[in-house]
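To convert a position in the sequence shown, counted from 1, into our numbering, add 18.
One structure is given here, and the rest of the page talks about it.
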Amino acid sequence: MIDIIASRSYYLATFLLLGIGTYIMIASKNLVKKVIGMNVFQTGIFLFFIASAYIDGAKNPVIHGEGPYVSPLPHVLILTAIVVGVSLTAVALGLIVRIYGEYGTLETDVLEEVRADE
19 MIDIIASRSY
29 YLATFLLLGI
39 GTYIMIASKN
49 LVKKVIGMNV
59 FQTGIFLFFI
69 ASAYIDGAKN
79 PVIHGEGPYV
89 SPLPHVLILT
99 AIVVGVSLTA
109 VALGLIVRIY
119 GEYGTLETDV
129 LEEVRADE
């Protein structure tokens, strides 16, 4: 049992990152910390896709010959997801800067009180 867990430790790391990211997004009241939690969660998803595409003893798909080949599709999807994740982070941080300029705080509970008073 320990050998299986040790050989598949990337799955453990994946679910650890997913759990930490989810906890940060739910437990934190600060908007910047929520964006950081979202990035940690995204990293867990990236690791899961790359780890699930791994095949023992597989070869590069460009070389012709015998044997199993590694599919390049998950790697291409993750590269695209990284670009989308960086763009999403940039937009979220830009909105956070505007929220701070307008309301003077980044705490969600204070923002809810200020919005209720308006």
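For each residue, glycine too, the CB sits at the ideal point set by N, CA and C.
Values in this document were obtained by computation on a predicted structure and should not be read as measured data.
If we count the other Cβ atoms within 10 Å of its Cβ and call it buried at 16 or more, is residue i buried or exposed?
i: V80; result: exposed
i: K47; result: exposed
i: I42; result: buried
i: T126; result: exposed
i: L49; result: buried
Nearest to residue i by CA position, among the options, is which residue?
i: L97; options: L111, V115 and I63; result: I63
i: E84; options: L124, G75, A31 and A110; result: G75
i: N57; options: H93, V94 and G103; result: G103
i: L35; options: F66, P90, L129 and I44; result: F66
i: S89; options: V50, N78 and L106; result: N78
i: V94; options: R133, V109, G37 and A71; result: A71
Between which two residues does the alpha helix (DSSP H) holding residue i run?
i: I73; result: From DSSP, I73 is part of no alpha helix (DSSP H); its letter is neither H nor E.
i: G122; result: Where G122 is concerned, there is no enclosing alpha helix (DSSP H), given that its DSSP letter is neither H nor E.
i: R133; result: T126 to D135
i: S27; result: S27 to A45
Short of 7 Å in beta carbon distance, which residues of its chain neighbour residue i, apart from the five on each side in sequence? Order them along the chain.
i: Y29; result: A69
i: I54; result: I42
i: V132; result: Y121
When the Cα atoms are used, what is the spatial distance from residue i to residue j?
i: Y121; j: L111; result: 15 Å
i: R26; j: G119; result: 46 Å
i: D135; j: L113; result: 21 Å
i: S105; j: Y87; result: 32 Å
i: L124; j: H82; result: 56 Å
i: K51; j: A45; result: 10 Å
i: I100; j: T107; result: 10 Å
Near residue i, which residues of its chain fall below 8 Å by C-beta distance, leaving aside the five closest residues on each side in sequence?
i: G39; result: G55, M56, N57, V58, F59, Q60, T61 and G62
Quick one: residues in its chain with C-beta nearer than 6 Å to the C-beta of residue i, no 5 flanking neighbours on either side, listed in chain order?
i: T32; result: G62, L65 and F66
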